[in-house]
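K.L.:
This is the structure I have questions about; it appears just below.
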Amino acid sequence: MIINNVRLYQPAQAIQTQGLHAVEYQDGKITHIYDQPYEGQEDVIDGRGKVLAPAFNDSHMHLLRFGLLKKELDLTEVTSWAEMKELVENHYDKIQEYDWIFGKGFNDANFTDMDRLLTPEDLSEIHVNAYIYFMHQDGHECVISEKAMELLKKEKDFEKEPEEFKEKDEEGNWTGRFKDTAVHYIKHHFWGRSVEDAKEAIKCATPYLSEVGITSVHTDDINFIGSYDKLWHAYTELEQEGNLPIDVHLHHYIFNIDDLHKYLETNTKRTGDGTDQVRVGSVKIFLDGTQRLHTAAMRNPYPDNPNTHGTLIYDQDQLNEMVKVASENGMQVAMHAIGDRAVEQAVTALGQSEAHTAQLRHRIIHAQTLAPDLIKKLREVKPYIETQPSFLLSEWSEKDKWTPKELVPYCDAYESIRKEHIPMTLSSDLPIGSLDPLESMYAAVTRMDLDGKPEGGWMPQEKLTVDHAFQGFTNLPAELEYKDSEKGRLEAGYQADLVLLDQHPLEVEEDQLHNIQVCRTWHRGKQVYKK
Ligand SMILES: [Zn+2]
């Protein structure tokens, strides 16, 4: 097959080609790039002068959660408690017959009919005798019913979750609201879903990816189904049925070292192993929480809440041990670390010689607050940093609430990271950040929100070039899959994962980057989207 009459955009190549080309592919791989249009007639797709580029690889997201949002009760648009109740009652018709009621995406801080946050007592207005679990919009906080709290009190393992994540009243009793890893625990253990549920949800989600040109994802889904085995079955069955238009790296979330040992004992597959399309990803470890909840572990107190500087979930020895055991067993590690104290802990663990960071390409997700000493350490240890530029769209004006003034220039410091040759990818953290890679790239290149604010960009010295932003979604994530010589470039021998764009990214004004349209998407040579 040949895609004819296309211009090429090759973000990772120093020299950009001019004029019209043709790209030939066979059995899922690019076989030849012609320097001029192809003259033959058979098996030709006419690209009509549009721009062919490598398709996008999103290195950090929660695909199953996104799919379930599409399929299950979605509360993200709700603006009042009255409206939320109505939506729940409509979703669960004959609500008295349900034992469990789930919903996600609410944001009660913005409710127009309430000047406090939801409590278990409120939930009893929906159904007194049900187990109710509602997850907040950002996925890091939840509220549950009295009955669900009773169940949780009997869970021995829940006692191990940090007390800071279990909100308490003045008498020390649970308020019914939980945070961070306590939320993961609750959904992991109580919100059981079948392989069929997961397959349905993933099938709901993938057309949205193809539409924005994503053909590979690295996803952390286990808490939404409770079992890595089930997850593996869901994805590989979809692959066998021909219903998986993406390559997938499946992370394995662990709460502690026991979870890791259990995985290593019961599974023979290690990072990179698997089928053509479904591979074992990283061991995912949460080191801290989020800035909005003041649970991200900072080295300084939060300026808007000086009594706290967040929470580290593990001590250094515990983390060192997890990283060591994972590395010695051929598992890549991906650590969620938002605050500078958490980043410091991560880079210390990765700096152990037993971590083999250069070889296994371990990752730090977010790394939103840095400092000169941390950048120096990162340069020495060289883990991959996984950034989410679309967070900047809504967060740039909040930074000084969370970070001391002198450290604000080190927040989301993309260009400083890149300049030091610390490998860095761009990603969505779907469904928290924006799904559209072009929107994330717009944020990384302009450092403005979609209204063009602040003018000139927030901390403009940290803007990325268009080429560097594209590399963060193409060839660099392929390195995390150990597939640098097979994926993420427009070259013969590379996987035919391609997007056809209506404009050349180097020719549009930078503040128009997000308006470039994806016209077609190919995954392994198969067209999976056409506008
Ligand atoms: Zn995430």
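Read in order, the letters of the sequence shown are residues 1 to 531 in full-length UniProt numbering. Beta carbons are placed, not taken as given, at the ideal position from N, Cα and C, and that holds for glycine. If you're wondering where the values come from, they're calculated on a predicted model, not measured in any experiment.
1) On a Cα-Cα basis, can you pick out the residue from Arg292, Gln26, Arg193 and Ala22 that is closest to Ile45?
2) Measuring alpha carbon to alpha carbon, tell me which of Lys199, Glu83, Lys71 and Tyr38 ends up nearest Glu239.
3) Would you check whether ligand 2 has a heavy atom nearer than 8 Å to the C-beta of Ile365?
4) Does at least one heavy atom of ligand 1 sit under 8 Å from the Cβ of Asp220?
5) Tell me Leu52's beta-bridge partners as DSSP assigns them.
6) CB-CB under 6 Å to Asp436, same chain, minus the five flanking residues each way: which ones, in chain order?
7) Less than 8 Å between the CB atoms is what I'm expecting for Thr425 and Leu480, so what's the real figure, rounded?
8) Note down the Cα distance separating Leu506 from Val6, rounded to an integer number of angstroms.
9) Please confirm whether any heavy atom of ligand 1 lies closer than 8 Å to the CB of Ile144.
10) Check whether the Cβ of His62 lies closer than 8 Å to any heavy atom of ligand 1, and answer yes or no.
11) Do His251 and Val283 come within 9 Å of each other at the CB atom, strictly closer than that value?
12) Taking 8 Å as the cut-off, does the CB of His91 come closer than this to any heavy atom belonging to ligand 1?
13) Just confirm the distance between the C-beta atoms of Leu52 and Leu498, as a whole number of angstroms; I'd bet it's less than 8 Å.
14) Verify the contact flag: His336, CB atom, against every heavy atom of ligand 1, threshold strictly below 8 Å.
15) Relative to the alpha-carbon of Leu68, which residue among Gly19, Asp43, Leu87 and Cys204 has its alpha-carbon at the smallest distance?
16) Who are the Cβ neighbours of residue 535 in its own chain at under 7 Å, not counting the five residues just before and after it?
17) Going by CA-CA distance only, name the one from His127, Asp276 and Gly281 that's closest to Tyr263.
18) Looking at the unbroken alpha helix (DSSP H) that takes in Glu88, where does it start and where does it end?
19) Quick one: which unbroken alpha helix (DSSP H) runs of 4-plus residues sit fully inside the segment 462-516? Chain order, please.
20) CA-CA distance, His504 and Pro54?
21) In the DSSP assignment, the alpha helix (DSSP H) including Arg379 goes from what residue to what residue?
22) Does any residue of chain B bring its CB to less than 9 Å from the CB of Val343?
23) Along the chain, where does the alpha helix (DSSP H) that runs through Ile417 open and close?
24) Measuring straight from C-alpha to C-alpha, what distance separates Ser485 and Gly274?
25) Decide yes or no for the touch test of the segment 177-185 against the segment 286-297: beta carbon pairs closer than 8 Å, at least 3 of them.
26) Could you give the C-beta distance for Trp396 and Asp449, rounded to a whole number, given that I count them as a contact under 8 Å?
27) Could you pull out every residue in the same chain whose Cβ sits closer than 6 Å to the Cβ of Ala413, ignoring the five residues on either side in sequence?
28) Relative to the C-alpha of Arg524, which candidate in Glu167, Ile246, Ile126 and Glu196 has its C-alpha closest?
29) Quick check on the DSSP output: what are the complete alpha helix (DSSP H) runs of length 4 or more inside the segment 239-287, in order along the chain?
P.N.:
The relevant details are as follows:
1) Ala22
2) Closest option to Glu239, Cα to Cα, is Lys199.
3) By its list of ligands, the structure shown excludes ligand 2, since it contains just ligand 1.
4) Yes, Cβ of Asp220 sits closer than 8 Å to a heavy atom of ligand 1.
5) Leu8 and Leu500
6) Val212
7) 7 Å
8) Their Cα atoms are separated by approximately 15 Å.
9) no
10) yes
11) yes
12) Result no, Cβ not under 8 Å from ligand 1.
13) 6 Å
14) Checking every heavy atom of ligand 1 against the Cβ of His336, one is found closer than 8 Å.
15) Cys204
16) No answer is possible for residue 535: the residues shown for the chain start at 1 and end at 531.
17) Gly281
18) The sequence given here places Val at residue 88; Glu does not occur at that position. Trp81 to His91 is the extent of the alpha helix (DSSP H) around Val88.
19) Whole alpha helix (DSSP H) segments, 4+ residues: 466-471 and 475-480.
20) 13 Å
21) Pro372 to Val381
22) This model lacks chain B altogether; it includes just one protein chain.
23) Tyr414 to Lys419
24) Taking the straight line joining both Cα atoms gives about 18 Å.
25) yes
26) 7 Å
27) Cβ within range, chain order: Leu370 and Glu462.
28) Ile246
29) 257-266
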